[in-house]
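Residue numbers (the working numbering), protein chains in the order written: chain A, 378 to 732; chain B, 378 to 732.
Beta carbons: idealized from backbone N, C-alpha and C, even for Gly.
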């Protein structure tokens, strides 16, 4: 398959994954960890699933300065200059604004997929079909496309996208206009969403051409836009990082959903089904990962379990562990930190991990 | 108080303390660990409790060659030459034979206390009174004296000494002849022992003069005796270790109880009550050690417990630990090994720790 030189991939990798403490730490957050014990980290799996549809030189990563070396080490095939470094965290809108103008400076005809770096996709064939179809759509339109996941349960941990399923796009019959974006619902609401069939999980994966996002940002976030537009002369030069370090912090902290999605008109959703999860919690990892006959998901090379069921045991390679008599617990050990906690109490991990 | 130059202390420190795994390992067994977090290890506490009744130059330690440096580091006040090194493990009889002839070569009038290195005594004042009284007794007699602990519960984890309480010794009214030694009993038998009032826990602490033990060994273990008697010319010389390395392994593996106690005639017991425990298990440690309001005994400087009760949490100093929702567990971490196990299953630790 010949790759379209306009197609670019943007991997957002600035998160800190605090719900996976202590495996995920600010030194090495979730996206850089091999959570499933497959030999590939989340960001590597993210990169891998675009293999064959995006050229490595068109893959961009936006991350924090402290993770520059980890990204370069884990994704050696992408140009070092494609790793864009934020001097501070400002949520997704400034991140996307920066990379969009940066790519536009190189190729004004660029067509972009924006993806989080720490999600799981199990059906990569279907994923690639959906991405390619969406890229074809945005190459020809000024549409902002989100990928909506067919919900399989009344999940309260995700945001939802409500689609207008009456009128598919004429250019792509799988793509629909968005009626509204919904915050994480309570359980009753999630059940309603599930039944109505017109709500989809917001995957955080977006497809658009660079002109579309740049114009949208100009309209809805003119101050942010001005910052990155003013830097057009320095992109790709050795003055880029210093200029970003100086001006990036001037941006407000604002999500792309709030800045653009919930305001713009030409918003579409591509409902899809490719085995997606944000693997946001130890519990979701336990659900998704391979388990032994007793329901234990074990990462570690010297772990012995006795009378232990439905546990997640994640320890570093060299660690020797014996667990006896636990049911429904997380046992996680990394560097110098050990967590033992009931899976059902995992929402308190942020509290536990506070220094 | 003037110290009697004939009084010697022998600390047996060759054990491996496998029931305290992973805190106790073959690299650093229980006797060298500060299990209570007091700043003093078991062997140091053992040494400390003889302070003022035995001169440091009369303190001897018999241990394995691999622990020579640990002993010298933990007991810097005793002469390095008093640390006797076994090239292999042969139980207590060869250990005691070696040190007895070694001491006899230096002082044929020596009077000895033999003690394990990994027990706890809480009432050191009473302990010193008992030891001094027993030493006075054996200085004047050929008696073999054992210390019997007043049992406070039907313990099945200790051996028992049955005393003939009808006839106290004329020289010391607290000392009685031994009727019999009993192996660790089952629970029903232990209850009977407790009721009868004539059974005492075998503390493994012995007092005798060096002539008495040497003669007993000559009678009951002539082969072992010959080995160490033949080495009389080399004791205290730079040929001692090589000779021991060569001949010590020729000894059979045999306990002093079996070799002498259960065979000799002049065996006495000194029933006593000085808050003794062999701290043989995590459970006994949990019983003895300081606990917080939720019944948790914690050693570690950065341990946070949530909804956790009746647990023993022992981790190395620099370890950060969060435990949520455990009741009645051991959480122990040392070097690169983590154990999580119900306290009630601790008898299986040997199984768990097998490589």
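When C-beta distances to chain B are compared with 8 Å, the residues of the segment 690-717 of chain A below that value are 692, 695, 696, 697, 698, 699, 700, 701, 702, 703, 706, 708, 710, 713, 714, 715, 716, 717, in chain order. The C-beta of residue 560 of chain A comes no closer than 9 Å to any C-beta of chain B. The continuous beta strand (DSSP E) containing residue 554 of chain A extends over residues 553-559. Chain order gives the chain B residues near residue 729 of chain A as 681, 683, 699, 701, where near means a beta carbon separation below 9 Å. Short of 8 Å from the beta carbon of residue 634 of chain B, and not among the five residues preceding or following it, lie these beta carbons of its own chain, in chain order: 469, 536, 558, 579. Put simply, the backbone Cα of residue 609 of chain A is about 20 Å away from that of residue 436 of chain A.
Taking a 10 Å sphere around the C-beta of residue 731 of chain B, we find fewer than 16 other C-beta atoms and assign the residue as exposed.
At least one beta carbon of chain B lies nearer than 9 Å to the beta carbon of residue 722 of chain A.
For residue 564 of chain B, the number of other beta carbons within 10 angstroms of its own is below 16, and it is reported as exposed. With respect to residue 387 of chain A, residue 498 of chain A sits apart: the two C-beta atoms are not nearer than 9 Å.
Comparing C-alpha distances from residue 671 of chain B to each of B:721, B:591, B:602, B:703 shows the shortest one belongs to B:703. Residue pairing by DSSP places residue 722 of chain A in no beta bridge whatsoever. When the alpha-carbon of residue 627 of chain B is set against those of B:648, B:604, B:646, the nearest one is in B:604. Within the same chain, 468, 470 come within 6 Å of residue 631 of chain A by CB-CB distance, once the 5 residues on both sides are set aside. Among the residues of chain A, those whose CB is under 7 Å from the CB of residue 719 of chain B are 701, 702, following chain order. At least one C-beta of chain A is nearer than 9 Å to the C-beta of residue 725 of chain B. In the structure shown, residue 517 of chain B adopts helical secondary structure according to DSSP, grouped into three states. Around residue 601 of chain A, the same chain offers 470, 471, 474, 594, 628, 629, 631, 636 as residues with beta carbons nearer than 8 Å, after the five sequence neighbours per side are excluded.
Annotated three-state conformation of residue 577 of chain B is strand, per DSSP. Remark: fewer than three beta-carbon pairs, one from each stretch, lie closer than 8 Å, so the segment 721-729 of chain B and the segment 406-426 of chain B are not flagged as touching. Interface with chain A (9 Å Cβ-Cβ cutoff): residue 399 of chain B is included. With a threshold of 16 other beta carbon atoms within 10 Å, residue 532 of chain B meets it and is buried. For residue 720 of chain B and residue 454 of chain B, the gap between their C-alpha atoms comes out near 37 Å. When only Cα atoms are considered, residue 660 of chain A and residue 688 of chain B end up about 25 Å apart.
In this structure residue 523 of chain B is in contact with residue 538 of chain B, their Cβ atoms being roughly 6 Å apart against a cut-off of 8 Å.
Residue 462 of chain A is bridged by DSSP to A:440. When DSSP states are grouped into helix, strand and coil, residue 681 of chain B belongs to the strand group. Here the segment 510-518 of chain B does not lie against the segment 651-667 of chain B, with fewer than 3 beta-carbon pairs under 8 Å apart.
About 24 Å separates the Cβ atoms of residue 502 of chain B and residue 585 of chain B, ruling out a contact at the 8 Å cut-off. Inter-residue distance for residue 447 of chain A and residue 462 of chain A is about 12 Å (C-alpha atoms, whole angstroms). Look at residue 631 of chain A here: in three-state DSSP terms it is coil, with no helix or strand label. From the listed residues A:429, A:482, A:648, the smallest Cα separation to residue 541 of chain A is found for A:648.
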